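Undergrad: My questions will all concern the structure given below.
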Amino acid sequence: MMQIQERRLLLNRCGPLLAVLSGWLIMHVGSNHASAWDQIFADDVIINGGSLGVGFDVVNGEAFGADTIRLKENNLRIHFDDTSTSSGFPNNDWRIVANDNISGGDNHFSIQDSTAVRVPFRIEAGARTNALVVDSNDRIGIGTKSPVVLMHAVDGNTPTLRLEQDGSSGFSSQTFDIASNEENFFIRDVTNASNLVLRIKPGAPANSLYIRNDGNVGLGTAAPVSPLHVIRNADTPPRIATFAQNRQDKAMLVTFENLGSASVNNSCGFDYQLKDDSSSPQIAMRQVCSLIDTSAGAATAAFQFQVLNNGSTGETMRIVGNRVSIGSTASTDLLRVLNATCNGATWNDACSRELKQNITDLSTDAAKEALAGLNPVTYAYKADPQDQRVGFVAEDAPELVGMPEKKTLCTMDIVAVLTKVVKEQEQQLADQEQELERLRSGLAAEQETVRRQQEEFLNRLDALEARMHAR
Numbered sequence: 021m022m023q024i025q026e027r028r029l030l031l032n033r034c035g036p037l038l039a040v041l042s043g044w045l046i047m048h049v050g051s052n053h054a055s056a057w058d059q060i061f062a063d064d065v066i067i068n069g070g071s072l073g074v075g076f077d078v079v080n081g082e083a084f085g086a087d088t089i090r091l092k093e094n095n096l097r098i099h100f101d102d103t104s105t106s107s108g109f110p111n112n113d114w115r116i117v118a119n120d121n122i123s124g125g126d127n128h129f130s131i132q133d134s135t136a137v138r139v140p141f142r143i144e145a146g147a148r149t150n151a152l153v154v155d156s157n158d159r160i161g162i163g164t165k166s167p168v169v170l171m172h173a174v175d176g177n178t179p180t181l182r183l184e185q186d187g188s189s190g191f192s193s194q195t196f197d198i199a200s201n202e203e204n205f206f207i208r209d210v211t212n213a214s215n216l217v218l219r220i221k222p223g224a225p226a227n228s229l230y231i232r233n234d235g236n237v238g239l240g241t242a243a244p245v246s247p248l249h250v251i252r253n254a255d256t257p258p259r260i261a262t263f264a265q266n267r268q269d270k271a272m273l274v275t276f277e278n279l280g281s282a283s284v285n286n287s288c289g290f291d292y293q294l295k296d297d298s299s300s301p302q303i304a305m306r307q308v309c310s311l312i313d314t315s316a317g318a319a320t321a322a323f324q325f326q327v328l329n330n331g332s333t334g335e336t337m338r339i340v341g342n343r344v345s346i347g348s349t350a351s352t353d354l355l356r357v358l359n360a361t362c363n364g365a366t367w368n369d370a371c372s373r374e375l376k377q378n379i380t381d382l383s384t385d386a387a388k389e390a391l392a393g394l395n396p397v398t399y400a401y402k403a404d405p406q407d408q409r410v411g412f413v414a415e416d417a418p419e420l421v422g423m424p425e426k427k428t429l430c431t432m433d434i435v436a437v438l439t440k441v442v443k444e445q446e447q448q449l450a451d452q453e454q455e456l457e458r459l460r461s462g463l464a465a466e467q468e469t470v471r472r473q474q475e476e477f478l479n480r481l482d483a484l485e486a487r488m489h490a491r
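The opening position of the sequence shown corresponds to residue 21 in the working numbering, with each subsequent residue numbered one higher.
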């Protein structure tokens, strides 16, 4: 029997192993010692008021302090050897390991699955205080002893969770980080140049990004009513969306495509809509389809792009194919603005009497005054200095043909002035021609009178000469 002092049982033999199995306390001293050193107790072993020391280096008079059990030697293990053999009973073996038992090994505390030879739990020496905490409310703290949520991680610089697929299951390796700091919350694609593929700045407003249970995405709203619903309540910035690209060889910036079938009203579904506070769209765009839009008349394809006035009082703009109508539903001209049209080569202004009021004749004096005030010049636009042109300066134009903002001129106004002056000149020329014709007629009559007088004089002279010769 070993010496028992101060009510402590000291076990100081080579390779001690303590196991309590079915009420037996077995102390194996090592295979190089005789079995005479083994001690088997057929009853409970109780150390009442003392501590238990096991290992080579436990000494007589060991100062246990507050320790109840102390394992003390150069290789420390506790093995749980489950000998269950009955069907259905678990019998996996476990081991608690303190440090590697080889030179240069690691300092750690581990729980080993002895049966599977795996280490599912390991704590490295030097791990910081509260590296892993489970509080009384089942909350896990990482770096904190006071977790306030189910999983609470604390670090002085960018607490990070890494998700790494290592390729061990045959899939390509891929690593993502989820992290946050004073600058942003972000997801980092570690495998691909550590690109930050998602970033959220501190102070971002509520519902900056919201995904509803039907898949609708809200930007600035928690109640998206369409697959993408954007709401901006602040005045700045003034734009609700900006689309930009730097690829010089690519012209396409945004594509809207409706892949659904036509609606029951015989027109295609909307690809794109803009609304104001009314329930009807202000701007709507549809795809061309084979069905007929009966509201546009027989054999007319459904419109592609439409701008509505106040949601209900008619269209202000329509684009069908390569034809554009502004303020009109007609789509027969390449470009139509109200009743003015363009066929791609010439511009035709709207001049119908039905569109005008307060019609009065332009006075000749006003037209002459305006024409006199027009000063033709040669010039080049600043945007194209090499393109020399001939025309007028809007700021210098007379009021009759000038526009209110004094920045543009209407060619029809100038044409009207020129027409009035030219017509007046034509009338003057006609009057002059008439007067000239009258003068010509008078001159011809006078010439005829002179001719007859000359003829009569010559006849008389001939008669006089005949008489003189007769004598």
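From the three backbone atoms N, C-alpha and C, an ideal C-beta is built for every residue, glycine too. Fair warning: this is a prediction, and the values are worked out from it, not measured in the lab.
Judging by CA-CA distance, which residue of 64, 65 and 91 is the nearest neighbour of residue 77?
TA: 91
Undergrad: Classify residue 465 as helix, strand or coil using the three-state DSSP reduction.
TA: helix
Undergrad: So, are the CB atoms of residue 263 and residue 274 less than 8 Å apart?
TA: yes
Undergrad: Thinking just about the alpha-carbon of each residue, which of 174, 136, 337 and 125 is nearest to the one in residue 149?
TA: 174
Undergrad: Which whole runs of the beta strand (DSSP E) in the region 82-118 are 3 residues long or more, in chain order?
TA: Fully enclosed beta strand (DSSP E) runs of 3 or longer: 89-91, 96-100 and 114-118.
Undergrad: For residue 209, name the three-state secondary structure that DSSP assigns.
TA: In the structure shown, residue 209 sits in a strand (DSSP, three-state: E or B).
Undergrad: Would you call the CB atoms of residue 95 and residue 102 closer than 8 Å?
TA: Going by C-beta atoms, residue 95 is not nearer than 8 Å to residue 102.
Undergrad: Tell me the rounded alpha-carbon separation between residue 189 and residue 131.
TA: 25 Å
Undergrad: Using the Cα positions of residue 406 and residue 399, report the straight-line distance between them to the nearest angstrom.
TA: 10 Å
Undergrad: Between residue 394 and residue 417, how many whole angstroms is the CB-CB distance? I'm expecting something under 8 Å.
TA: 7 Å
Undergrad: Are residue 199 and residue 211 close, meaning C-beta to C-beta below 8 Å?
TA: no
Undergrad: Tell whether a beta-carbon distance below 8 Å holds between residue 355 and residue 361.
TA: yes
Undergrad: Alpha carbon to alpha carbon, how far is residue 457 from residue 425?
TA: 50 Å
Undergrad: Distance check for residue 240 and residue 427, CA to CA, integer angstroms please.
TA: 42 Å
Undergrad: Hey, quick one: how far does the beta strand (DSSP E) through residue 398 stretch, first residue to last?
TA: 397-400
Undergrad: Suppose only complete runs of 3+ residues qualify. What are the beta strand (DSSP E) ranges in the region 187-255, listed by chain order?
TA: 194-200, 205-209, 215-220, 237-239 and 248-250
Undergrad: With DSSP collapsed to three states, give me the class of residue 72.
TA: DSSP places residue 72 in strand when its eight states are reduced to three.
Undergrad: At which residues does the alpha helix (DSSP H) containing residue 164 begin and terminate?
TA: Premise fails: residue 164 is in no alpha helix (DSSP H) and is neither H nor E.
Undergrad: DSSP on residue 480, reduced to helix/strand/coil?
TA: helix
Undergrad: For residue 133, name the three-state secondary structure that DSSP assigns.
TA: strand
Undergrad: So residue 116 and residue 98 are supposed to be a Cβ contact under 8 Å. How far apart are they, rounded?
TA: 4 Å
Undergrad: Does the beta carbon of residue 368 fall short of 7 Å from some heavy atom of the ligand NAP?
TA: Among the ligands in the structure shown, none appear at all, so the ligand NAP cannot be discussed.
Undergrad: Alpha carbon to alpha carbon, how far is residue 222 from residue 205?
TA: 8 Å
Undergrad: Could you spell out the range, first to last residue, of the beta strand (DSSP E) harbouring residue 184?
TA: 180-185
Undergrad: Flag this pair as yes or no: are the beta carbons of residue 403 and residue 441 separated by less than 8 Å?
TA: no
Undergrad: Use the C-beta contact count for residue 156: other C-beta atoms within 10 angstroms, 16 or more gives buried, fewer gives exposed.
TA: Burial state of residue 156 is exposed, judged by a 10 Å Cβ sphere holding fewer than 16 other Cβ atoms.
Undergrad: As a quick exercise: from 158, 126, 254 and 58, pick the residue whose alpha carbon is nearest that of residue 143.
TA: 126
Undergrad: Straight-line CA distance for residue 391 to residue 384?
TA: 10 Å
Undergrad: What does DSSP give as the partner residue(s) for residue 408 in the beta ladder?
TA: Listed as beta-bridge partners of residue 408 by DSSP are 400.
Undergrad: Report, in whole angstroms, the separation of the C-beta atoms of residue 93 and residue 75, which I expect to be a contact under 8 Å.
TA: 4 Å
Undergrad: According to DSSP, which residues form a beta bridge with residue 359?
TA: Bridge partners of residue 359: none, in fact.
Undergrad: Quickly, what does DSSP pair residue 173 with across the bridge? List them, please.
TA: 162
Undergrad: Using only the alpha-carbon positions, how far apart do residue 70 and residue 197 sit?
TA: 51 Å
Undergrad: Thinking C-beta only, is residue 238 closer than 8 Å to residue 247?
TA: Annotated as distal: residue 247 and residue 238, with beta-carbon spacing of 8 Å or more.
Undergrad: For residue 252, I'd like the list of residues in its chain whose CB is within less than 8 Å of its CB, leaving aside the five on either flank, ordered along the chain.
TA: 240 and 260
Undergrad: I'd like the list of long-range same chain contacts for residue 146, defined as Cβ closer than 8 Å, with 5 residues on each side in sequence excluded.
TA: 127, listed in sequence order.
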